[in-house]
Amino acid sequence: MPRSTVSNTLSNALFKGVILLVVTVPLLATLLAIRLLWLRAVHPTDLVLLAVMYAFIAFGVTVGYHRMLTHRSFRPHPAVKLVLLILGSMAFEGPALEWAATHTKHHAQSDREGDPHSPVEGFFHAHIGWIFRDSTADPKVYARHLMSDKIVMFVSRTFLLWALLSLAIPFAVGGLLGGWPGALTGLLWGGLVRMFLTHHVTWSVNSVCHTFGRRMFETVDRSRNEWVVGLLAFGEGWHNNHHAFPRSAFHGLRWWQFDFSGYLIWALERLGLVTDVYRIPPALLARQAAKAKSLAVPATADAAEEVA
Ligand SMILES: [Zn+2]
Ligand SMILES: [Zn+2]
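Residue numbers (the working numbering): 933 to 1240.
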């Protein structure tokens, strides 16, 4: 066997081993946490740590990685950009640059050949199987413009530091409040259970929201609006809306489509921390809705122009 083949095989095995750890350790930790909950052996501090860590890091993914970085839905102040990308890195979903490239490829090939995580290849593949395939997209092809962005490159290169910090923070806070037992349960709830939830909620956008739910717009993919994911993923579950209008900073398009990420972008805009927030022109929205009703013409032709 040639040496390069051996080293490729080894690095491939190492890659799969790391992914397996990142998937199974939070799963086992969550099972332990459920057992502790059942035994009523959980301190309120642990649940507060879980909620706060989840909220900040989920916004890092939805507002930072997704709407800001991948879709350029708004222009952030550099400090806001740095903070959002660091928070996104803390989700253990890969460096910002690779995440944006993979997601751009998903939009480019949605539910067709080349889509990194389409349920066309099976629900399990779309949810979790795809990450074992090393199917991340090449940033040189799908995110070239980001490679000259100093903030994006800095946070991407230091990804591991921020990811590990997301475990160190709840460990340290738990320790300050409750000594060694507090540190360990802080790590369990604010670190590992939080990682489990963030992962599966993000992955549900790829699997559940391309399989279950309703479609408000005719798009060439299988994207759907699923309210449960909409709530848990802070608005990202209105995924059919998102595929119809990828650049929109707001995924919830009706008052009852709760979109916490959209509300945060709105608040940041009011505070002057982000500008150029992209809103769907009302005429385009009305046109797409009318097209969807008639079902005569796929609604993606105009929407495609909206992609960054
Ligand atoms: Zn999608
Ligand atoms: Zn997207």
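A virtual CB, placed ideally from N, CA and C, is assigned to each residue, including glycine.
Annotated as proximal: D978 and T1117, with beta-carbon spacing under 7 Å.
In this structure the stretch 980-988 does not lie against the stretch 946-957, because fewer than three pairs of beta carbons, one per stretch, are closer than 8 Å. In the structure shown, R967 adopts helical secondary structure according to DSSP, grouped into three states. The nearest non-hydrogen atom of ligand 1 is less than 6 Å from the C-beta of S1155. Here L952 is exposed, its C-beta having fewer than 16 other C-beta atoms within 10 Å.
Residue range P976 to F991 is occupied by the alpha helix (DSSP H) that includes I989.
R1044 and T1134 have their C-alpha atoms spaced approximately 20 Å apart. The C-beta distance from A1165 to V1137 rounds to 6 Å, short enough to fall under 8 Å. The beta carbons of S1042 and Y1210 sit no closer together than 7 Å. Non-local C-beta neighbours of L1119 in its own chain, meaning closer than 7 Å and more than five positions away in sequence, comprise L1099, P1102, F1103 and G1106, ordered along the chain. For W1135, the enclosing alpha helix (DSSP H) stretches over residues R1126 to S1139.
For W1159, the CB contacts under 7 Å within the same chain, skipping 5 residues up- and downstream, are G1169 in chain order. Residue environment: H1077 is assigned as exposed (fewer than 16 neighbouring CB atoms within 10 Å of its CB, all protein chains considered). The residue from W1198, N1157 and F1149 with its alpha-carbon nearest to that of A1176 is F1149. A straight line joining the alpha-carbon of F947 with that of E1025 spans about 14 Å. Rounded to the nearest angstrom, the gap between the Cα atoms of S1193 and H1009 is 17 Å. Out of R1065, L1019 and H1174, the CA that lies nearest to the CA of T1036 is found in H1174. The C-beta separation of S1088 from L1029 comes to about 4 Å, placing the pair in contact by the 8 Å criterion. In the structure shown, V1152 adopts coil according to DSSP, grouped into three states.
Within the model, the alpha-carbon separation for R1219 versus R1147 is close to 16 Å. In this structure, the CA atom of G1184 is about 23 Å from the CA atom of A1058.
R1146 has N1157 as its beta-bridge partners, per DSSP. Taking C-beta separations shorter than 7 Å and ignoring five residues to either side along the sequence, the partners of I1063 in its chain run I951, following chain order.
Of the other Cβ atoms in all chains shown, 16 or more fall within 10 Å of the Cβ of A1224; this residue is therefore buried. In this structure G992 is buried. Its beta-carbon is surrounded by 16 or more other beta-carbon atoms within 10 angstroms.
The three-state reading of DSSP puts V1206 in strand, counting E and B together. The DSSP-derived three-state label of R1007 is strand. With 16 or more other Cβ atoms from the protein chains shown falling within 10 Å of its own Cβ, I1212 counts as buried.
Around the beta carbon of G1020, 16 or more other beta carbons sit within 10 angstroms, so the residue counts as buried. Remark: C-beta atoms of A1023 and I989 approach each other more closely than 7 Å. V1140 and W1198 have their alpha carbons spaced roughly 27 Å apart.
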